[in-house]
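Trainee:
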Amino acid sequence: MVKTVHVFPHTHWDREWYFTTSRSRVYLLKGLMHVIDNLQHNTGYDRFILDGQASLIEDYLKWRPQDKNTIKQLVADKKLIIGPWYTQTDQFVISGESIVRNMQYGMDVCNELGTYMNVGYVPDSFGQESSMPQIYRGFGIPDTMFWRGVSEENVNHTEFVWKGEDGSKVNVYQIPSGYYIGGVVDETQLDKIMHQEPFASIVKRSTTNHIAFPNGFDQAPARKDLPQMIKKLNTVNKDFNFEVSSIQEYVDAVKSEKPDLEEISGEFTNGKNMRIHKSIYSSRSDLKKLNTEIQYYLVNILEPVLTMGKHFGVDYPQGAVNDIWKLMFENAAHDSIGSCVSDTTNEDVYMRYKQVRDISTNLVEVTLREIATQIKKNKKYEITLSVFNTLPVQRTEITKISFYAPSKDFDIVDSDGNSVDFSIESCDDQTEYISGQTIQLNPGEKIYKPEKIYKVIAFVFAKNVPAMGYKQLYLSENDNKNKAIENINDRTLENDNFKITVQDNGSLTITDKNSGKVYENQAVLEENGDDGDSFNYSPAKKDMIVYSTDQPNTVSVSKSKLVSLAKIDYEFSVPRTLKDRAQKDCNVKMPVSLEVRLEENSPVIKFSVNIDNHEPLDHRLCVDFATGISSKVSYADQQFGTIKRPVYREKEMKSWEANKKNWNEKPISIETCQSFVSLSNDENTISVFPKGVREYEIIGDDYSTIRLTLFRTYGMMGKVDLLYRPGRASGEKVIATPDAELRNDLSFEFGLSISNKKFDDSDVAAKAKDYDTPEQYYEYANFLNGRLIFNMDSVDRTLDENGSILKTNGNLILSTLKKANHRSGYIIRFYNGYGQKSTNDEIVFNKKPNRVELVDLKEDTIEKLPIVNNTVKLNNITHAKIKTLYFEY
Numbered sequence: 028m029v030k031t032v033h034v035f036p037h038t039h040w041d042r043e044w045y046f047t048t049s050r051s052r053v054y055l056l057k058g059l060m061h062v063i064d065n066l067q068h069n070t071g072y073d074r075f076i077l078d079g080q081a082s083l084i085e086d087y088l089k090w091r092p093q094d095k096n097t098i099k100q101l102v103a104d105k106k107l108i109i110g111p112w113y114t115q116t117d118q119f120v121i122s123g124e125s126i127v128r129n130m131q132y133g134m135d136v137c138n139e140l141g142t143y144m145n146v147g148y149v150p151d152s153f154g155q156e157s158s159m160p161q162i163y164r165g166f167g168i169p170d171t172m173f174w175r176g177v178s179e180e181n182v183n184h185t186e187f188v189w190k191g192e193d194g195s196k197v198n199v200y201q202i203p204s205g206y207y208i209g210g211v212v213d214e215t216q217l218d219k220i221m222h223q224e225p226f227a228s229i230v231k232r233s234t235t236n237h238i239a240f241p242n243g244f245d246q247a248p249a250r251k252d253l254p255q256m257i258k259k260l261n262t263v264n265k266d267f268n269f270e271v272s273s274i275q276e277y278v279d280a281v282k283s284e285k286p287d288l289e290e291i292s293g294e295f296t297n298g299k300n301m302r303i304h305k306s307i308y309s310s311r312s313d314l315k316k317l318n319t320e321i322q323y324y325l326v327n328i329l330e331p332v333l334t335m336g337k338h339f340g341v342d343y344p345q346g347a348v349n350d351i352w353k354l355m356f357e358n359a360a361h362d363s364i365g366s367c368v369s370d371t372t373n374e375d376v377y378m379r380y381k382q383v384r385d386i387s388t389n390l391v392e393v394t395l396r397e398i399a400t401q402i403k404k405n406k407k408y409e410i411t412l413s414v415f416n417t418l419p420v421q422r423t424e425i426t427k428i429s430f431y432a433p434s435k436d437f438d439i440v441d442s443d444g445n446s447v448d449f450s451i452e453s454c455d456d457q458t459e460y461i462s463g464q465t466i467q468l469n470p471g472e473k474i475y476k477p478e479k480i481y482k483v484i485a486f487v488f489a490k491n492v493p494a495m496g497y498k499q500l501y502l503s504e505n506d507n508k509n510k511a512i513e514n515i516n517d518r519t520l521e522n523d524n525f526k527i528t529v530q531d532n533g534s535l536t537i538t539d540k541n542s543g544k545v546y547e548n549q550a551v552l553e554e555n556g557d558d559g560d561s562f563n564y565s566p567a568k569k570d571m572i573v574y575s576t577d578q579p580n581t582v583s584v585s586k587s588k589l590v591s592l593a594k595i596d597y598e599f600s601v602p603r604t605l606k607d608r609a610q611k612d613c614n615v616k617m618p619v620s621l622e623v624r625l626e627e628n629s630p631v632i633k634f635s636v637n638i639d640n641h642e643p644l645d646h647r648l649c650v651d652f653a654t655g656i657s658s659k660v661s662y663a664d665q666q667f668g669t670i671k672r673p674v675y676r677e678k679e680m681k682s683w684e685a686n687k688k689n690w691n692e693k694p695i696s697i698e699t700c701q702s703f704v705s706l707s708n709d710e711n712t713i714s715v716f717p718k719g720v721r722e723y724e725i726i727g728d729d730y731s732t733i734r735l736t737l738f739r740t741y742g743m744m745g746k747v748d749l750l751y752r753p754g755r756a757s758g759e760k761v762i763a764t765p766d767a768e769l770r771n772d773l774s775f776e777f778g779l780s781i782s783n784k785k786f787d788d789s790d791v792a793a794k795a796k797d798y799d800t801p802e803q804y805y806e807y808a809n810f811l812n813g814r815l816i817f818n819m820d821s822v823d824r825t826l827d828e829n830g831s832i833l834k835t836n837g838n839l840i841l842s843t844l845k846k847a848n849h850r851s852g853y854i855i856r857f858y859n860g861y862g863q864k865s866t867n868d869e870i871v872f873n874k875k876p877n878r879v880e881l882v883d884l885k886e887d888t889i890e891k892l893p894i895v896n897n898t899v900k901l902n903n904i905t906h907a908k909i910k911t912l913y914f915e916y
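If you want the working numbering, it's the position in the sequence shown, counting the first as 1, plus 27.
Pasting the structure below:
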C-alpha cells in the first residue's frame, strides 16, 4: 500500500543562541518576508509552520506592521500556521505558572491574528515534563509533537499515548530523529531517501500509512523549489506519495486510521537517540539562581499582593504584569534558560531578569504602601510596620527585615498593645542621610520628624498573621524591649525541633528532638572538577574531590531568644585548572562561608553559602546531606505536584554499558526539582529546599545522601568527547564562555527539613511553599516620604487593623492568585502536592463572591460552583491535579 508522506515546511527559529535576539530578529525580518512571498505567489507552496511560537510573528510585525492584514489572511487560509506557544519554552527548569502563562500569552497573540495550531509542538525542548499532558488538556489540546526524551527502549512506535503524572492523557506524534531530517535533502538520491536512515526506521516504527517529513532547519529560509522537489520525489518513489501538509493535517490523517496506540507514562528524559542535556539545570548557576528567585517572587509575592491591592481599591497594573511575564517567556526559551548560549547572549538574559526584578519589586513596594496607608492607625504611634501574608493560611513565623527606628531603644507592638518579639542583628545611625531625604509638599505642615534615625536589621516574630491578608504593627519609642543577637562561645544551636552541633571538621550533627534520631555528617561541602560545557556537566577525566571536612575552619556562633546563627568559615585549597586537578595540586584558595540559621519553632533549618570563586576554574561545588534513608526513589516536586524518580536508572545504565556508541548521553541520575527534593521511608522524611540552583543527585553506596548542586563553572559553549556525553560537541566548540567561569563572589540559599513521618504526612510541599514565600513588611511614617520612597498623596485610613481576603485549610498548594486575563474577576489555582494521597480543601472568602467557577487553563468556564456560607469546597483532589477557579464580586 502506498504510504503518504506529509511534508510540512517549517523553520526552527531560536530567538537567541550563540547569536543574540537582535541578530536573530534582523534575519527573521528577511526570512519571514520570503515565507510570505512563497505562500502568496509560489504555486504548490501552501503551508508554513512558524515553529509553534507566536513571539516570532510579534517580533516581525513590530518592524513590518503593514503586513498584519496579509498575515491575518494567510492564517485564515491555513497557510501560515502559528502558535500555540509564545516562545519554545523549556519544561524542567521553569515553573508551571511560566509554562501556563506562555501558552496563554501565545494563544492571545495568535487569536488577534485569527487562530493557532492546536497541537503542543515542542521540536527542541530538552525532554518532556510529566505535567504536560494535564497542561495540554487544560488548554483543550489533545495532541503533542516533540523530538527529545523518548527512544525505542521506551516505546515501539512513533505514535503513542502519554499518561502524565496526574493521569491525564494526550496523543504523541514523535519526530524521533529531529525536526530537521527533511530540511537537508540530497537531491541525487531522491529515490532512496525513504529507504535510508533515518527515514527507514521512521517508516518501520509508524503505526499507520502516514509519515511525518519535517522540511526545515535552524534559522533556515523557506525552500522555494519545494513544490518541484515534491514532484521529483513522487516521480521516483512508487511506494510513497509526497504532499505539502501541516502537523495538524498529519495528526488528523493518523487518527483517521484509528491505530491501536501504546501507552507510556511519566517524564521523558531518555538520551539514547538524542541529547537531553540533563545537567543543564546548573549551567550559569548565577542566572539559574536569578530565575528561581524571580519565579518565586512573581507568583508567591507579586501577584497575590497586587490581588490584595485590587481587593482594597488599588489599581491592578495588568499591562505591567504582562510585560513582566513576556520578559520571563523570552528567558524561558529552551536555549536561553538552559544558558547554553554565548556570553553576550547571557548578558541579554541577565538584563531581562534585572528588568523583571526591578519592575516587580517596585510594584510590590508601591502596592504595599497603598494598602498600608489605608489601614487604621493607633494615634499613639507615629510609625506603622504592616506585615503582609501572601499564603491562604494564617502564619506565625520569624522574618528578617530592615526598617528605620527613631531610637536604639524601642518596642514593636500589635494593635492590642502586645509586644512582638524581635532580635536585632545590626543598628546603624543614618540620621543625616534619612533626614535629608524627606520632602514636604507643604513645608508649613507639621509632621513627625525624629531627632535620630537608625537603620535596623532584625528578625521579627509576628504571630497569627491573617491568611492572604495583613496585620498592623507599630514601633513604640523609648521602650527598651529590643534584644541584640550576641556572640557566644558555643558550637550548639537549638530550638523546639532540633539541636545542631558544629563538629571540629565543620560538619553538622543534627538531633531531631521529635524522634530522638541523630544525623551526623550534615552539610558537607564537596568540590570537584567539571570538564563539561554549557550543555552538560561532566566530571574531569582525572578528577579530584575536595571535601570541607578536610579543610581548616573557624566557627562563630551568635544567639538570641528568637534565632541562633552559626558561621563556619572554610579555607578551601583547590586546584586552579583541570590539569592541576589531574596532578592533585591544590594551588589556589577558595574561601567559603557557610551560615546555619535556626529560628524559634521553625521546622526548617536555613542555610546560606558565600564563596569567593575568583581563582579556581572548571569546577563544581555541592552540599551533601546524609539522610540514613536507603532509597530506590527520590521525591521531588515538578511543575504541578510531586513525582517519584529512580535514584539509579538501572535498565538504561545496563544498555549504556553494553553499547555506549549507541547512546548520545550517559543516563545519569542528576535531576531537577521546583522547590524540594526528599528521601523518605515509613519513619522519616528528609527534604532539601533549594533557592538557587535546583539540581540534585542521590548518591552513596545505599543511595541515602542528597547532593545539592550549588554551582558549576566551565569555559566553553561546547566541547567534544565528554565522559557523560561522548562524541561531537553540543552547540559551538569554537565559542569561549569566560563569563561562565563565574569568577566572582557567589551566594546561595537552601533549607533542610527533617520529619519523623512518612512523606505524605510530612507536608513537604507546604513547608517548601512557606519557606519560599516570606512575609512582606512595609514601614510607614511621614518622615520617610521623599526621595527614599517617593512622595504620594495621603489617603483615608478606612481598613481594619487586621484584614484577610480569603483562607483555605492548607491541604492544597497555592500556585497563583491573580487577576483574570480577560474578565473582571480573579483566578486562583491550586494543586495537590502530596506524593500519593488525594485531599480535600475549601476556600473561605471574607466577602461573598457573586460568582465562583471551575475554569480550564484558558480561564474558560467549565462549571459554576456553589457558595455556601462564603465557602467553596474542593473535594477529592487526586495526586498532582490542578484546580483553577475564577471568582468575582
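From the three backbone atoms N, C-alpha and C, an ideal C-beta is built for every residue, glycine too. Quick caveat, the model's predicted, so the values are computed rather than measured.
Indicate the three-state DSSP secondary structure (helix, strand or coil) for Ser831 in the structure shown.
Mentor: Sequence index remark: in the sequence shown, residue 831 carries index 804 (1-based). Strand at Ser831.
Trainee: With DSSP collapsed to three states, give me the class of Thr764.
Mentor: On the sequence shown, residue 764 is found 737 positions in, with the first residue counted as 1. DSSP places Thr764 in coil when its eight states are reduced to three.
Trainee: Taking DSSP's pairing of strands, which residues face Ser583 in a bridge?
Mentor: Counting from one through the sequence shown, the residue named residue 583 turns up at place 556. Answer is Lys594, bridged to Ser583.
Trainee: What I want to know is whether the C-beta of Phe872 ends up closer than 7 angstroms to one or more non-hydrogen atoms of the ligand FMN.
Mentor: This structure lacks the ligand FMN; in fact it carries no ligand of any kind.
Trainee: Looking only at C-alpha atoms, which of Val281, Arg302, Arg175 and Gln93 sits nearest to Thr31?
Mentor: The residue labelled residue 31 in the question sits at position 4 within the sequence shown. That would be Val281, whose Cα lies nearest to the Cα of Thr31.
Trainee: Under 6 angstroms Cβ to Cβ from Gly293, same chain only, skipping five residues before and after it: list those, please.
Mentor: By one-based count along the sequence shown, residue 293 stands at place 266. If we look at Gly293 and ignore the five residues flanking it on each side, its Cβ neighbours are Ser157.
Trainee: How would you call Leu769, buried or exposed, if buried means at least 16 neighbouring beta carbons within 10 angstroms?
Mentor: As a first step, residue 769 is located in the sequence shown; it is residue number 742 there, counting from the start. By the 10 Å Cβ count, Leu769 comes out buried.
Trainee: Taking the alpha carbon of Asp443 as the reference point, which residue from Phe415, Lys490, Ile428 and Arg422 has its own alpha carbon closest?
Mentor: For this step, residue 443 is matched to residue 416 along the sequence shown. Asp443 has its Cα closest to that of Lys490, out of Phe415, Lys490, Ile428 and Arg422.
Trainee: At the level of alpha carbons, what is the spacing between Val487 and Phe430?
Mentor: As a working note, residue 487 is residue 460 in the sequence shown. As a working note, residue 430 is residue 403 in the sequence shown. Cα to Cα, the separation comes out at about 11 angstroms.
Trainee: Where does Tyr206 sit, in a helix, a strand or coil, going by DSSP?
Mentor: Along the sequence shown, read from residue 1 onward, the residue named residue 206 stands at position 179. It is coil, neither helix nor strand.
Trainee: Which word fits Glu547, buried or exposed, when buried means at least 16 other C-beta atoms lie within 10 angstroms of its C-beta?
Mentor: By 1-based counting over the sequence shown, the position of residue 547 is 520. With fewer than 16 other Cβ atoms within 10 Å, it is exposed.
Trainee: Starting from the N-terminal side, write out each stretch of the alpha helix (DSSP H) that is 4 residues or longer and does not extend beyond the segment 591-659.
Mentor: 605-609
Trainee: Using the C-alpha atoms, what's the distance from Gly655 back to Arg175?
Mentor: For the purposes of this step, residue 175 is identified with residue 148 of the sequence shown, where counting begins at 1. For the purposes of this step, residue 655 is identified with residue 628 of the sequence shown, where counting begins at 1. Taking the straight line from one Cα to the other gives about 35 angstroms.
Trainee: Determine the direct distance from the alpha carbon of Val391 to that of Leu811, and round the result to whole angstroms.
Mentor: As a first step, residue 811 must be located in the sequence shown, where it is residue number 784. As a first step, residue 391 must be located in the sequence shown, where it is residue number 364. Near 17 angstroms, if we compare the C-alpha coordinates of Val391 and Leu811.
Trainee: Three-state secondary structure (DSSP) at His33?
Mentor: As a working note, residue 33 is residue 6 in the sequence shown. If DSSP states are grouped into helix, strand and coil, His33 belongs with the strands.
Trainee: Pull up the distance between the alpha-carbon of Lys760 and that of Asp362, whole angstroms please.
Mentor: One-based indexing of the sequence shown puts residue 760 at position 733. One-based indexing of the sequence shown puts residue 362 at position 335. In a straight line, the C-alpha of Lys760 is about 16 angstroms away from that of Asp362.
Trainee: Which one or two residues does DSSP pair with Ile923 in a beta bridge?
Mentor: In this structure the chain extends from 28 to 916, so residue 923 is not present and cannot be described.
Trainee: To the nearest angstrom, how far is it from the Cα of Lys316 to the Cα of Pro225?
Mentor: Sequence index remark: in the sequence shown, residue 316 carries index 289 (1-based). Sequence index remark: in the sequence shown, residue 225 carries index 198 (1-based). Taking the straight line from one Cα to the other gives about 39 angstroms.
Trainee: Please work out which residues of its chain come closer than 8 angstroms, Cβ to Cβ, to Phe46, disregarding the five sequence neighbours upstream and downstream, and give them in chain order.
Mentor: On the sequence shown, position 19 is the one that residue 46 refers to. Sequence-distant Cβ neighbours of Phe46 in its own chain, meaning closer than 8 angstroms and more than five residues away, are Ser369 and Thr372.
Trainee: If we count the other Cβ atoms within 10 Å of its Cβ and call it buried at 16 or more, is Ala227 buried or exposed?
Mentor: As a position in the sequence shown, residue 227 is number 200, starting the count at 1. By the 10 Å Cβ count, Ala227 comes out exposed.
Trainee: Give me the DSSP bridge partner(s) of Thr426.
Mentor: In the sequence shown, counting from the first residue as 1, residue 426 sits at position 399. DSSP lists Val487 as partners of Thr426.
Trainee: Count the C-beta pairs between the segment 555-573 and the segment 748-764 that are closer than 8 angstroms, then say yes if the count reaches three, no if not.
Mentor: yes
Trainee: Among the candidates Asn300, Asn628 and Leu500, whose CA atom is the shortest distance from the CA of Phe153?
Mentor: To locate residue 153, count along the sequence shown from 1; it is residue 126. Selected option, being the one with the closest Cα: Asn300.
Trainee: Going by the DSSP bridge assignment, what does Ala360 pair with across the sheet?
Mentor: Start at 1 with the first residue of the sequence shown, and residue 360 comes out as number 333. DSSP links Ala360 through a beta bridge to Thr116.
Trainee: When the Cα atoms are used, what is the spatial distance from Phe738 to Ala792?
Mentor: Taking the sequence shown and counting its residues from 1, one reaches residue 738 at position 711. Taking the sequence shown and counting its residues from 1, one reaches residue 792 at position 765. Their Cα atoms are separated by approximately 24 angstroms.
Trainee: Exposed or buried, His222, counting other C-beta atoms within 10 Å across all chains shown (16 or more means buried)?
Mentor: Numbered from 1 along the sequence shown, position 195 holds the residue referred to as residue 222. It is exposed - the Cβ of His222 has fewer than 16 other Cβ atoms within 10 Å.
Trainee: Does DSSP put Trp352 in a helix, in a strand, or in coil?
Mentor: The sequence position of residue 352 within the sequence shown is 325, counting from 1. The answer is helix: DSSP assigns Trp352 an H, G or I state.
Trainee: Just verifying my parser: in three-state terms, what is the DSSP assignment at Cys367?
Mentor: Here residue 367 corresponds to residue number 340 of the sequence shown, with the count starting at 1. Correct three-state label for Cys367: coil.
Trainee: Specify, as a first and last residue, the run of the beta strand (DSSP E) that Trp690 falls within.
Mentor: Here residue 690 refers to the residue found at position 663 when the sequence shown is read from its first residue. It is not in any beta strand (DSSP E) - Trp690 carries neither H nor E in the DSSP assignment.
Trainee: Would you mind sorting Gly997 into buried or exposed? The rule is 16 or more other CB atoms within 10 Å of its CB.
Mentor: Because the chain in this structure spans residues 28 to 916, residue 997 falls outside the shown range and cannot be described.
Trainee: On the criterion of 16 or more Cβ atoms from any shown chain inside 10 Å, does Tyr475 qualify as buried, or is it exposed?
Mentor: Residue numbering aside, residue 475 sits at position 448 when the sequence shown is read from its first letter. Tyr475 comes out exposed.
Trainee: Does the beta carbon of Ser629 come closer than 8 angstroms to any beta carbon on chain D?
Mentor: Of the protein chains in this structure there is only one, and it is not chain D.
Trainee: Are Ser310 and Ser366 close, meaning C-beta to C-beta below 8 angstroms?
Mentor: As a position in the sequence shown, residue 310 is number 283, starting the count at 1. As a position in the sequence shown, residue 366 is number 339, starting the count at 1. For Ser310 and Ser366, yes; Cβs fall inside 8 angstroms.
Trainee: Using the Cα positions of Phe525 and Glu289, report the straight-line distance between them to the nearest angstrom.
Mentor: One-based indexing of the sequence shown puts residue 525 at position 498. One-based indexing of the sequence shown puts residue 289 at position 262. Going by the C-alpha atoms only, they are around 50 angstroms apart.
Trainee: Pick out whichever of Tyr675, Ala485 and Asp570 has its Cα sitting closest to the Cα of Val590.
Mentor: Counted from its first residue, the sequence shown places residue 590 at position 563. For Val590, the closest of Tyr675, Ala485 and Asp570 by C-alpha to C-alpha distance is Ala485.
Trainee: With a threshold of 8 angstroms on Cβ separation, who are the neighbours of Lys403 within its own chain once the five nearest residues in sequence on each side are excluded?
Mentor: Counting from one through the sequence shown, the residue named residue 403 turns up at place 376. Hits under 8 angstroms: Gln499, Arg824, Thr825, Leu826, Asp827 and Glu828.
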